[in-house]
Amino acid sequence: MQEIFENRLKKINPKIIDLLKEKKEFSFRINKHKADLEVINELKKEGFNPKKVDWNEYVYTLPMDERKRITKSTPYTKNKIYIQNLSSIIAAHSLDINEDDWVLDLAAAPGGKSLIFSEKARKVSAVEPDKKRFFRMKRNFKEHGAKNIQTYNKDGRFVYKATGEMFDKVFLDAPCSSEAHIDGEVTWWNLKRVRRFSKLQKELIISAFESLKSGGEMIYATCTFSPEENEETLDFLLKKYENVEILEVNLPISNIQEGITKWEDKEYNPQVKKAIRILPEGAYSGFFFAKIKKL
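Under the working numbering, the first residue of the sequence shown carries the number 7, and numbering increases by one thereafter.
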């Protein structure tokens with residue numbers, strides 16, 4: 007499996023294998039429900055020297071060897087900061103949320119992106135099917151002071167049947183084969199797993215799209231590299247519905263590549279080229295996402 011996995015990554019981008027082994031930084035953001043920029047001074051007093059990212063004054067990085075220590079800091083224990091991967095944060099901020107919006111987070115646990123949405127939106131509905139993850143997510147929201155998030159222990163594949171076109175914005179960070187978290191020996195990955203998740207993702211993206219209001223926007227995302235779970239899912243949506251448009255995503259970072267339109271014996275709709283594959287670098291993990299408009 008190791009050889010198959012690595013050969014597939016080389017076809018996508020030959021740099022990925024080496025980049026996966028280099029995790030030198032981690033990231034966190036300020037929790038606006040409980041703190042503001044002054045929390046950085048609190049961290050500095052405790053011996054930390056956070057580095058602000060260029061694209062958001064509330065998001066910072068630190069060397070990886072300080073990750074354990076920061077969890078004992080006062081800002082962390084008081085839930086003033088939230089440790090979250092940069093790729094996840096930048097994807098969440100790429101959904102253009104207005105203060106009157108009702109946002110659906112369809113596979114929400116552990117809840118980091120819902121917390122970001124709750125800082126901007128009127129209301130957030132967070133859905134998580136796994137009971138243990140669901141209750142941990144609820145506790146996460148309470149501890150971080152978010153009061154405008156509704157939680158549902160439901161299977162996201164069937165949410166649209168209960169809601170119809172209810173939401174102004176939707177975010178689907180779909181369950182996936184998690185290839186971005188493999189940084190050495192391949193033990194649990196296989197193609198059967200990729201195909202199983204690809205099937206689930208197609209069911210979830212239907213639910214996400216059907217739950218979205220006409221004129222609304224959504225983001226489809228995964229933390230994996232396989233085109234079967236990324237571009238193929240977008241291609242499936244474009245074939246199923248005529249009122250779909252993949253939107254351009256302009257990110258202020260350089261470690262990205264556009265979507266793939268050909269993979270093995272398959273050709274995808276040219277629109278999938280507008281999707282973004284974030285390459286692992288610094289505090290960014292491997293990530294894929296696309297912004298979708300319902301016409």
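All C-beta atoms, glycine included, are put in the ideal place defined by N, C-alpha and C.
When the Cα atoms are used, Lys17 and Lys119 turn out to be separated by approximately 30 Å. Given a length threshold of 3 residues, each whole run of the beta strand (DSSP E) inside the stretch 109-177 is given here in chain order: 129-133, 155-158. Contact annotation: the stretch 224-237 touches the stretch 187-202, with at least three C-beta pairs closer than 8 Å. Relative to the Cα of Leu218, the nearest Cα in the group Pro56, Ala97, Val59, Val165 belongs to Val165. Rounded to whole angstroms, the gap between the alpha carbons of Ala152 and Thr80 is 19 Å.
Distance between Thr169 and Gly162, taken at the CA atoms: about 11 Å. Taking 4 residues as the minimum length, the alpha helix (DSSP H) runs contained wholly in the stretch 20-73 are 22-26, 45-51, in order along the chain.
Taking the CA atoms as reference points, Phe123 sits about 19 Å from Asn159. Around Leu240, the same chain offers Val278, Ala296 as residues with beta carbons nearer than 6 Å, after the five sequence neighbours per side are excluded. In the DSSP annotation of this structure, Leu101 is not part of any alpha helix (DSSP H), being labelled neither H nor E. Counted as a single uninterrupted DSSP element, the beta strand (DSSP E) harbouring Lys300 occupies residues 293-300.
Between Tyr247 and Asn55, the alpha-carbon positions lie close to 49 Å from each other. Straight through space, the alpha carbons of Phe173 and Leu110 are spaced by roughly 6 Å. Judged by their CB atoms, Ala289 and Ser100 are not nearer to each other than the 9 Å cut-off.
Across the set Lys30, Lys86, Glu52, Asp102, the C-alpha of Lys30 shows the shortest separation from the C-alpha of Thr67.
In this structure, the CA atom of Arg142 is about 14 Å from the CA atom of Ile155. Segment contact: the stretch 82-90 against the stretch 33-43, three or more CB-CB distances shorter than 8 Å; contact assigned.
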